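Protein chains: 2
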Amino acid sequence: MSKALEFEILHKDAKTKARKGRITTLHGSIETPVFMPVGTQATVKAMKPESVEDTGAQIILANTYHLMLRPGSDIVREAGGLHKFMNWNKPILTDSGGYQVFSLGAMRKITEEGVRFASHIDGSRHMLSPERSIEVQNDLGSDIIMAFDECAPKDASREYIERSQARTTRWLERCIEAHRNTDTQSLFGIMQGGFYKDLREESAREIVKFDLPGYAIGGISVGEKKEEFVEVLDYAPDLLPEDKPRYVMGIGTPDYIFESVERGVDMFDCVEPTRIARHGMAMTSEGRLSIKNARFERDFGPLDPKCDCYTCRTYSRAYLRHLFKEGETLSQMLLSEHNLRFLSHMCENIRTAIDEDRFTEYKRDFYSRYYNEET
Amino acid sequence: MSKALEFEILHKDAKTKARKGRITTLHGSIETPVFMPVGTQATVKAMKPESVEDTGAQIILANTYHLMLRPGSDIVREAGGLHKFMNWNKPILTDSGGYQVFSLGAMRKITEEGVRFASHIDGSRHMLSPERSIEVQNDLGSDIIMAFDECAPKDASREYIERSQARTTRWLERCIEAHRNTDTQSLFGIMQGGFYKDLREESAREIVKFDLPGYAIGGISVGEKKEEFVEVLDYAPDLLPEDKPRYVMGIGTPDYIFESVERGVDMFDCVEPTRIARHGMAMTSEGRLSIKNARFERDFGPLDPKCDCYTCRTYSRAYLRHLFKEGETLSQMLLSEHNLRFLSHMCENIRTAIDEDRFTEYKRDFYSRYYNEET
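Line by line, the protein sequences are chains A and B.
Using our numbering, read the first sequence as starting at 70 and increasing by one per residue.
Using our numbering, read the second sequence as starting at 70 and increasing by one per residue.
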C-alpha cells in the first residue's frame, strides 16, 4: 500500500464513537475530525491562501470536473501541480468529478466505460471514466484522490442502485489499476448503496478488500434530510475499517458535522461556509446571522465576540454591514474568512472535547447556543 | 494656520520643476510625489488594508459623496472616524463630494447656497453645500479635506467659468468658516478657471490669500486630452505657493503623473489602477497587459518579472489568467494589489530620480519601456 498517507487514532471518546486522530501526508499532517474548505477552481473563493491558512484550515478540496475543463489538468501539471499552481503548500484532496458529471442530467450519458458529457461552460464533449478521472487527479498531484463512482439519483429503484453499486466496484478496480502515483497520492474508495443497509454492507465488503488508505461514505450528503442522513450514518461508518480515515462528502453545517463525528467520521467538506458568506450570512457562536440586518447599522462590536479571526479582531458589524450593502468585495473576503475560522475553531473544540471524553457535553452546549435548543 | 500638516521640500530636480518632498500629518508622513489609491466607500476595492499598505501606499482617498449617503457620516463618526471604521491607520484624504454631485447632471440644481441633488442610489433628496461638505468631512476625520468647489462643465462659456470661479472663492470662505477640526484636519483649496490662463491666475490669487496648508488644481483631470491637460499644467502649478503641496485630482496613468511631476505637482489619485485590475488589465514594466490573452495560457512566469509585489512573487501568469477567465474574485484581489504596487514603485523611482537630478532621464527610460516609445 501507499506510504503517502498514515492515519493514527489518538483518542476515542468514552461515550460515543467519536474519535480524534491524525492523518499524515507528504504535505503535512491533519488533525481529525477536520473540516476541509472547498477551493473548486484552484482558489477558495475570495481568499488568499494565506488567509485560508490563518483560519486554521489544514487541508482543502479542489474539484476535478472544473479543473479538467479549465484550465485543463495538463496546464496544472506543467505548472508543477496544484499545490504550486495555487500557492497552497498543505494537503489537498480532489474529488473524482463524478458528482458533477452525474448532476448534469440530460447533458450526460452513462455507460460501462464511463460518462460522456457536455461541458456546462461551452457544451464541448468530454468523457470522464475511472481512468480519465485518475489521470486528471494524477496531473493535479493532490495528496488524496477519490475513486470515480456513480452517484445514483435520489429516486433510483433498488434494482438501479444494485447495478450502479456493482459498477462502482468495477470502476474502483479500474481506478486502482490506472493510479500512477501511489507513492505520493492516496486513493480513497467510496461506499455506495443508497438507503439500503444490505447494499451498504455489500458495497463496504467489496471496497474494503482493496485495503485502500481511506474510505468515503457516498450518496448521503447534499440535500439529504437529516433523519435519512443519520439513518445511514448509524451503521455505515462501522462497516469501514476502524484504522482508516472516514470521509463524508459535502457536509458543512454544524449539525451534520456533529452527527457524523459522533458516529465515527473524520473528514468533511462543503462550499456552504464560503457560499453563505458571499450572501452576507455569518456563522457565529450564537447561531447564524445576516449582516445586512438593520439592527447592525450602528453596532460597533465584532461580528462574533467569541471569535479570534482576523475579521472579528479588526472590524465592526457596522462596517461589515456597510460593505455588504455596498456590494464591496471586501465583504465576501471578510465573511468567508470568518466562516471558515468558525468551522475550524469548532473542529478544534470537537477534538479537545473528544480528548477529554466530553464530546456529548460539548455537542449539547454548542447546539444550545447555535440552534437555541433547550437542553 | 493648522499644525496638522507640514510640508518640506527635500530636493528639487536640477533640470525640471519636479520636487521631492515630505508631508507630515498626525497619521504619519508621506513622501512626495505620491500616488494615492482610492477607497471610495471606505474600502480600496477587493483589498484588505494590510495589502494596500504592502503596496507601499502612504495615503488613500475616500469619497465624501458616497460616504454621506451610505453608511452616513454620522455612523462613521460614531464608529470613531474613518481610520478606525475601515482599519487604515495612515493618512486619509477626502474629496468634497463636489465632483460627484456636479456629475449628476439633471439630478442636481446649483444655487449660491450649494447643490440640491437626488441620490444615485434611491433618488432621495439631499443638499451638499460648503458647510455640509465640511461637516461630513469633519465627521469622517480624514487628515486632508478638500474645499467644496464647482466643477464647471467642459463646454461652459468663459462667462460661466468666471461666475463659477467667483462662487468657488465665496464657497471656500464658507468652508474655512465651517471647518471645526483645524487642529487635526487640513483643508486644501482648489484652483479653477478652466483653460483660461487669466482666470486661473485670478483664482490662484484669491485662494492663496487664505494661506491654506495645500492646494489642488481643479478641472483638468478625468477625460482631458493630454495636450489640454499639459497646457494648463505648464503654468498652473507656478501660480500656487512653492512651499505648499500641490495636488491634481483624478489622474492615475503614468504619463499624466510624469507630466504633472515634471511641472511641480506632488499628489495625485485615481481609481484607474484598481478599476482596470478588475477588468484583467495589469500595468507592468513593459506596458499594459491583458491577463486574459491566450498567450499566457502556459506562461508560468510572473506577471511582471521586475515587480516585487505579493502577486508577482507568488503566482504565475497562467494562474492569474485562469482566475480571471473563471471570474474568480482572487483575480481582482491579486491584480489590484499588483497595479497599486506598480504605481507606488514608480513613484519611489521618481523620488529617487529627483533626488539624483535625473528625473528627465528616468521619465524617458520609463516611457520607452511602458509606451514602447522611441527616444
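From the three backbone atoms N, C-alpha and C, an ideal C-beta is built for every residue, glycine too.
Keep in mind that this is a model prediction, so the values were computed, not measured.
For K361 (chain B), no Cβ of chain A is located within less than 8 Å of the residue's own Cβ.
In chain order, K114, A115, A346 and R347 place their CB closer than 8 Å to the CB of Q401 (chain B), counting only its own chain and leaving out the 5 sequence neighbours on each side. The residue among A:R427, A:D191 and A:S437 with its C-alpha nearest the C-alpha of E395 (chain B) is A:D191. When the alpha-carbon of A187 (chain B) is set against those of B:L173, B:L130 and B:F365, the nearest one is in B:L173.
Considering only A:T124, A:A87, A:T101 and A:T133, the residue with the shortest C-alpha distance to T109 (chain A) is A:T133. For G356 (chain A), the three-state secondary structure derived from DSSP is strand. The distance from the Cβ of F428 (chain A) to that of P323 (chain A) is about 14 Å, inconsistent with a contact at the 8 Å cut-off.
For the region 384-399 of chain B, residues whose beta-carbon sits nearer than 8 Å to a beta-carbon of chain A comprise Y384, S385, A387, Y388, R390, H391, L392, K394, E395, E397, T398 and L399.
DSSP places I245 (chain B) in the uninterrupted alpha helix (DSSP H) bounded by R227 to A247. Between M155 (chain B) and chain A, the shortest Cβ-Cβ separation is below 8 Å. R367 (chain B) and A131 (chain A) have their C-alpha atoms roughly 20 Å apart. T93 (chain A) is outside the set of residues whose beta carbon lies under 8 Å from a beta carbon in chain B.
Sorting B:Y439, B:V277, B:S233 and B:F279 by C-alpha distance to the C-alpha of G263 (chain B) places B:S233 at the top. For G356 (chain A), the CB contacts under 6 Å within the same chain, skipping 5 residues up- and downstream, are Y439 in chain order. Cα atoms of L281 (chain A) and T237 (chain A): separation of roughly 15 Å, rounded to the nearest angstrom. For D338 (chain B), the uninterrupted beta strand (DSSP E) segment begins and ends at M336 to C339.
In summary, the residues of the region 120-149 of chain A whose CB is separated from some CB of chain B by less than 7 Å are R139, P140, I144, E147 and A148, in the order they occur in the chain. Counted as a single uninterrupted DSSP element, the beta strand (DSSP E) harbouring V317 (chain A) occupies residues R315 to V317.
Of all residues in the region 101-118 of chain B, only Q110, A111, T112, K114, A115, M116 and K117 come within less than 8 Å of chain A when Cβ atoms are compared, listed by chain position. In the three-state scheme derived from DSSP, where H, G and I count as helix and E and B as strand, E100 (chain A) is classed as strand.
None of the residues of the region 417-429 of chain B has a beta carbon lying less than 8 Å from any beta carbon of chain A. Using a CB distance cut-off of 8 Å, Q401 (chain B) counts as an interface residue toward chain A. Runs of alpha helix (DSSP H) with 4 or more residues, each lying fully within the region 112-141 of chain B, are found at 118-123 and 133-138, listed in chain order. Only E366, R367 and F369 from the region 344-369 of chain B bring a Cβ to less than 8 Å from some Cβ of chain A. One thing to note: P160 (chain A) has its Cβ within 8 Å of the Cβ of G97 (chain A). For T421 (chain B), there is no enclosing beta strand (DSSP E); the enclosing alpha helix (DSSP H) has its first and last residue at T398 to D424.
One alpha carbon belongs to Y265 (chain B), the other to E311 (chain B), and they sit about 22 Å apart. For D164 (chain B) and I320 (chain B), the gap between their C-alpha atoms comes out near 14 Å.
Secondary-structure assignment with DSSP links R185 (chain A) through a beta bridge to A:K178 and A:M196. Judged by DSSP in its simplified three-state form, L256 (chain B) adopts strand. Across the structure, E122 (chain A) and F365 (chain B) are spaced so that their CA atoms are roughly 28 Å apart.
Bounds of any beta strand (DSSP E) do not take in T383 (chain A); it lies within the alpha helix (DSSP H) bounded by Y379 to T383. For E75 (chain A), there is no enclosing alpha helix (DSSP H); the residue is found in the beta strand (DSSP E) stretching over L74 to K81. Three or more beta-carbon pairs separated by less than 8 Å link the region 404-412 of chain A to the region 329-348 of chain A, which places the two stretches in contact. Taking 8 Å as the cut-off, the Cβ atoms of D143 (chain A) and D208 (chain A) count as close.
From the listed residues A:Y284, A:K72 and A:E406, the smallest Cα separation to T251 (chain A) is found for A:K72.
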